[in-house]
Structure formats: structure tokens, C-alpha cells
Amino acid sequence: MNTIRDTEKEIVEEFALFDNNDDKYEYIIDLGKKLPPLDEKYKTDENKVRGCQSSVWLQADYKEGKIFFSADSDSVLVKGLISMLVRVLSGRTPDEIIAAPLDFIREVGLTSFLAQTRSNGLLSMVKQIKHYAVGFKLKHSTT
Amino acid sequence: MITTTDTILKKTFDVHALREQFPILKRQVKGYPLIYLDNAATSQKPQVVIDALVNYYTGFNANIHRGIHSLAEEATAAFEATRDAVKSFINASSREEIIFTRGTTEGINLVAATWGRANVKAGDEIIISTMEHHSNIVPWQVLCEEKGAVLKVIPVNDKGEIIWEEFLKLVSPKTKLISIVHVSNALGTVNPVKAIIAEARKVGAVVMVDGAQSTVHLDIDVQDMDCDFFAFSSHKMYGPTGIGVLYGKKALLQEMPVYQGGGEMIREVTFAKTTFNELPYKYEAGTPNIADTIALKAAIDFINENGKAAMRAHEDELLEYATEQLQQIPSLSIIGQAKEKVSLVSFIIDKIHPQDIAILLDNRGIAVRTGHHCAQPLIDRFCIPGTTRASFAAYNTKEEIDELVKGLHRAIKLLA
Ligand SMILES: Cc1ncc(COP(=O)(O)O)c(C=O)c1O
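Read top to bottom, the protein sequences are chains A and B. Everything in the first sequence is counted per the numbering used here, starting at -5 for the first residue and increasing by one. Everything in the second sequence is counted per the numbering used here, starting at 2 for the first residue and increasing by one.
Given below as C-alpha cells:
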């Protein structure tokens, strides 16, 4: 099975095909539109990611040692960004997620073509994902 | 009504010559010429303002008021010349009524902390409106909580105007203060401040006007308006950041307790007792923001030389044109359609988040603002997550609005 790093590399290669920001945006919007909507019951305050101008919900489920993420946002662009995070990190063990440096964010240039405020939102999502991973790890190592 | 002077002014107003004075307007953003439509957040600065800052630091930087040497005298003269310029700009009756602050926010906080602390008691009422900026909500909330006073809020109608009958119902002998925004930064609505002040006088209430958005667009005459306090920020009127003005009626300023203690604001200090300096220095503790204060005069001179009326006529034309053009986009709704309105359009587009629009516009070099514009209760009133706001200054052009409309069509096509 491919690792987090393998999936990151795939994304970096996909982005390498675009030579301008317009195409990158279009691609991210497309990813956002394709991300299946989150069930309304998961759009709770608890699942809300803080630090974003748009509403972002992140639901994490733990199955057989792995965490599965699903997410939604009222911003299509943000949905596109989360869809990449979900693709890289969903179905991984807590340890893998905690250890992942997620270099692809920098390699794709997401932080430089998103203005500061937006990349903060992206970092908040990463933080929340890692937070879930730590939570599940603690919960399941004590039992 | 269009008078002959207006027509003459309009003819002599040359937007391209005006743009030449703003160096930043020559830059590119993401490979496109900058189209700056976020003027309600802060305006760009003309070369004369930038020069004033540089000249001060290169020519006569010194601490003011206390020095005997030449530099200190020159700096003091330039600093105090700004006070005189501000006095004329808003037609205050004396220079002692002009207090320098960091901006509108500090002006409002100063009044809440001094006049408010001294005069508001348990059971008193303070009236604000639904369309206030957080700067004109939070200081009063804090004061009300401390004093056990009650904050009353004037509702607004669907067009974004305060509902006059509801306002009248709130005014009573319990009303101690009415603090109202002159022009809404989120909607562009111009509030009927003179009529509000007339009602306040009937019950003996004091009135504070938040002039952050109005001062650059409207003629301000504080004596004619008869407000007790008026606060504004230099950075929204082509001046530097970090400096603003609080106007207060002399009688009120004289009796109010001091704000911050320190240098400048004292007459004599002993450990037994300190006596305070006279107006306006009583409220200006510490070394002030000398450079930005001096450069504020350059901004005022710039406005006076170009003519507020001429600039406003151009801005009104932009507003009318933008409203017309934007309304032709079927999925777009303008939030804020007040009869009296200046210089900005706030809007939402069906099923599209404002942030996505702003990101795609930014990618074409177009700067707009999105979100709640620091007026969250107002945005909640309209049951929307926020708006996209395009706000205009005298240097904007119809061609820029055409680009905005094009950018929006493109964003809608991609996002919908
Ligand atoms: C209506 C209004 N009031 C108050 C403020 C606060 O001004 P400042 O941040 O310059 O203190 C603003 C600025 O956005 C405003 O638009």
C-alpha cells in the first residue's frame, strides 16, 4: 500500500502539469465540487475548524486502527483543499498522521498562492487533523 | 440636485491626473494591474503624504512641545498645524476640541472610559444601532456591564436603514448617550445624524458620531451637526495609519476625567497630587505619533486641493455605475440599498461563498473585502455568512468597475 509520502508525490506531480495559477485554482475548485457532502448530522460545532473565514467541518472515524476523515465547507475552494488533505491522510494510522510533515503543501506552492489568511485556514485544518490523531492514539493505547 | 458648481467641478476633475499622485496604483498584482476596491478598509496614500513622512524624519525629527532647540520648534509647529487643519476641516469652534488619537477605535474608547465612566450609572441607557462597527459596540458593552447600564439597539430595515419609529421608541429620559455610525462601512448607508441629535437634545442625551467612513466622503461640520463627540481615522482619508481624531465639545472635554496618565498631559506632578494640563493636551499622554500627525495635514491639504465636492461627485458616479452594472448579474443581490448611500457596494452571490469570489478576483489583481466587515450583528441581521464589498475612492475608475464585473462573471462560471 502506498504511503502518505507516495500520495503527496502524486499530488505534487499533478500540480506540476499546471503552469499558471488559474489552472491550479480551477483544479482545486473541481476537487471541491467532487468531494461528497458531509451528512448534516456531522455539521456540529464540535466538528467545526476554528480559524477559517468560511465554515469548515471535519468528521473523523476510527476503524481497525485507522482514521477516516470526511469533511465539508461552504467554500468550494476550501473544500478542494480539504479534499487533498483527506486524500493524503484518510485511512492512515494515528502514528502515520502525527509524524507526517506534509511537505506537499509547500511543494505544491499552496501557501504562496493562497494569501496569508487562507493558508492560516489550511494550517488550522492540518492542526485539527493532527489533533484528532493524537486523541485517537491516546484513547486506544490506554485500552 | 445638480447645481452649476457641481457640473463645473465635475468637468475639472481629472481622475487620471489624480491617479498619478498615488505611486501604489502603478503596481501589478499576480501579473495584473492593481485594482484597489478596498478603500473602506483603508485608502491608498498620495505622494504628498508619503513625502511628509519622509521629510519629517529626514529634516526635523524631534520630540515636541518641550524642546527649546530649532528641530523641536519646527516639529512642534508642524504637529500643531495639523490640529489647526483638522479644526477647519471639520469646522470645530476651537483647536482645543481636537484630540489626537490612534484612530476611531481609540476615540470611542476614550469617550467610554472618561465621559462614560463619569456619567453613566446603573439603569441608564445607551443607544447604538444594528449597523455599528465592533468599535462602536464593544466599548459600550463593557461600560454597560461595569455600570449596570442597558445597551439598546436601533433595528434596521431590509434596505439597511435604521427604522425611525423604532428609534423614537427607544429614546427616553433614561437615555444617557446615543452613539451612532455616520456612514456604515458594511452597507454604505448614510444615517440621519442631525435628526438623531435633535431627538437626543429633547431628552438631554449626549451624542457620539462614528465618522470613520464619512469624513473622507461627506462635508463634516461638527457645529452644524451639533454632535458632542465625533471620531475618525486618518488612514481612511488618504492619510497615514496610526493617527486619528476625537472631536469633543469643549465644555464636555473640560469636565471629563483624564484618560491615560503620563507626560504631556500634566501641569504639575508631586507625589501628593498631580494637576492636569489644559485642553487638548489633557487627553494626549506621552510622546504622540508625531510623524503621522504631521502627514495627516498633507492628506487634508490633498483633499482640500482636489475638492471634496469634486471627489464626491466622481465617487457618486462610480457608485451609481457599479450598482447598475452589478444588478445585471442575475445571481447577485446587493445588501444595503438605502436611499442615502455613499461609495461602496456590498453583495452576495447565490450559492457562492464570498471568500471564493475574493480569491478569484485577487488572482486578477482586484482587491475587495469579504466577511462580516467587523459588523457581525448586522450581517446576522441579514442572515448571510458575510458579503463581498467593493468600496471606492476618488482614484477609482469606471474601467476598474468593468474589470470587477468581468472578474465576477468569470468567478461565477468557475464556482457555480
Ligand atoms: C464605521 C467604522 N467605525 C470604526 C472603525 C474603526 O476604525 P479604526 O480601525 O481606524 O480605529 C472602522 C474601520 O473599519 C469603521 O469602518
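Beta carbons: idealized from backbone N, C-alpha and C, even for Gly.
(message) Measuring only from the beta carbon, is Q261/B closer than 7 Å to any heavy atom that is part of ligand 1?
(response) no
Problem - Contacting residues, own chain, Cβ-Cβ under 8 Å from K73/A (five flanking each side not counted) - result: L25, G26, K27, L29, A65, D66, S67
* Minimum Cβ-Cβ distance from K31/B to chain D less than 8 Å -> In the structure shown, chain D cannot be found, because the protein chains are A and B.
request  = Quick one: grab the DSSP three-state call for Q29/B.
outcome  = strand
### Message
Quick check: H410/B and E316/B, are their CB atoms within less than 8 Å of each other?
### Response
no
Exercise for the section: Apply the 10 Å Cβ neighbour rule to E146/B and answer buried if 16 or more other Cβ atoms are within range, or exposed otherwise. Expected result: exposed
- [ ] May I ask you to check if the CB of G104/B is nearer than 7 Å to at least one heavy atom of ligand 1?
- [x] yes
Legend entry - Of the residues Y19/A, N15/A, V50/A, I22/A, the one placed nearest E34/A, counting alpha carbons only: V50/A
- Query: In chain A, which residues lie with their C-beta within 9 Å of the C-beta of Q214/B?
  - Reply: Per Cβ cutoff of 9 Å: no residues; Q214/B is ~22 Å from chain A at best.
Helix, strand or coil for T59/B, going by three-state DSSP, please let me know. helix
Is there a Cβ of chain A sitting closer than 8 Å to that of D386/B, yes or no? The question names Asp, but residue 386/B in the sequence shown is Pro. Yes, P386/B lies at the interface with chain A (some Cβ there is under 8 Å from its Cβ).
**Prompt:** For G245/B, is the beta carbon positioned less than 7 Å from some heavy atom of ligand 1?
**Reply:** yes
Open item on the list: Could you check if D1/B belongs to the surroundings of ligand 1, using beta carbon to heavy atom distance under 7 Å?
Closed with: Past the edges of chain B, shown from 2 to 417, lies residue 1/B, and the structure says nothing about it.
For ligand 1, is there a heavy atom less than 7 Å away from the beta-carbon of H17/B?
no
Between the beta-carbon of A368/B and the beta-carbon of L19/B, is there less than 8 Å? no
Contact set between G1/B and chain A, taken where Cβ atoms lie within less than 7 Å: Nothing can be reported for residue 1/B, as the shown portion of chain B is limited to 2 through 417.
Could you tell me the distance, in whole angstroms, from the CA atom of V139/B to the CA atom of K251/B? 26 Å
Worksheet item: Is the segment 284 to 301 of chain B touching the segment 310 to 326 of chain B in the sense that three or more CB pairs, one from each, lie closer than 8 Å?
Response: no
- Item | Runs of beta strand (DSSP E) wholly within the segment 237 to 302 of chain B (minimum 3 residues, chain order) | 245 to 249, 267 to 270, 275 to 277
**Alpha-carbon spacing of F62/A relative to V102/A, whole angstroms** = 24 Å
I want to see whether chain A comes within less than 8 Å of L171/B, judged by CB atoms only; does it?
no
Item checked: Contact residues within the segment 356 to 372 of chain B, judged by C-beta distance below 8 Å to chain A -> Q356, D357, I360, L361, D363, N364, T371, G372
*If you run the structure through DSSP and keep just helix, strand and coil, what is M209/B?*
strand
Give the straight-line distance between the Cα atoms of E126/B and V223/B, rounded to the nearest whole angstrom. 24 Å
(message) Can you tell me which residues form a DSSP beta bridge with T13/B?
(response) According to DSSP, T13/B bridges with nothing at all.
task: Determine the contact status of Q326/B and V207/B, defining contact as a CB-CB distance below 8 Å.
output: no
May I have the straight-line CA-CA distance separating E8/A from L71/A, to the nearest angstrom? 17 Å
For N188/A, verify whether its CB is less than 7 Å away from any heavy atom of ligand 1. Outside the displayed range of chain A (-5 to 137) lies residue 188/A, so it cannot be described from this structure.
With a Cβ-Cβ cutoff of 8 Å, do V172/B and E200/B count as a contact? yes
- At least one CB of chain A closer than 8 Å to the CB of L379/B: is that the case? no
message = Can you list, in chain order, the residues of its chain with a C-beta nearer than 6 Å to that of Y33/B? Leave out the 5 residues immediately preceding and following it.
response = R365, G366
- [ ] Note down, one range per segment and in chain order, each beta strand (DSSP E) of at least 3 residues found wholly within the segment 82 to 154 of chain B.
- [x] 99 to 102, 126 to 130
Quick one: does L416/B have its CB under 8 Å from some CB of chain A?
yes
Report task. Determine which residues of the segment 341 to 356 of chain B have a Cβ less than 9 Å from any Cβ of chain A, and write them out in chain order. Result -> I353, H354, P355, Q356
| said: Do K121/A and R86/A count as a contact pair if the criterion is CB distance below 8 Å? | reply: no
Worksheet item: Taking 8 Å as the CB-CB cut-off, is S118/A touching chain B?
Response: no
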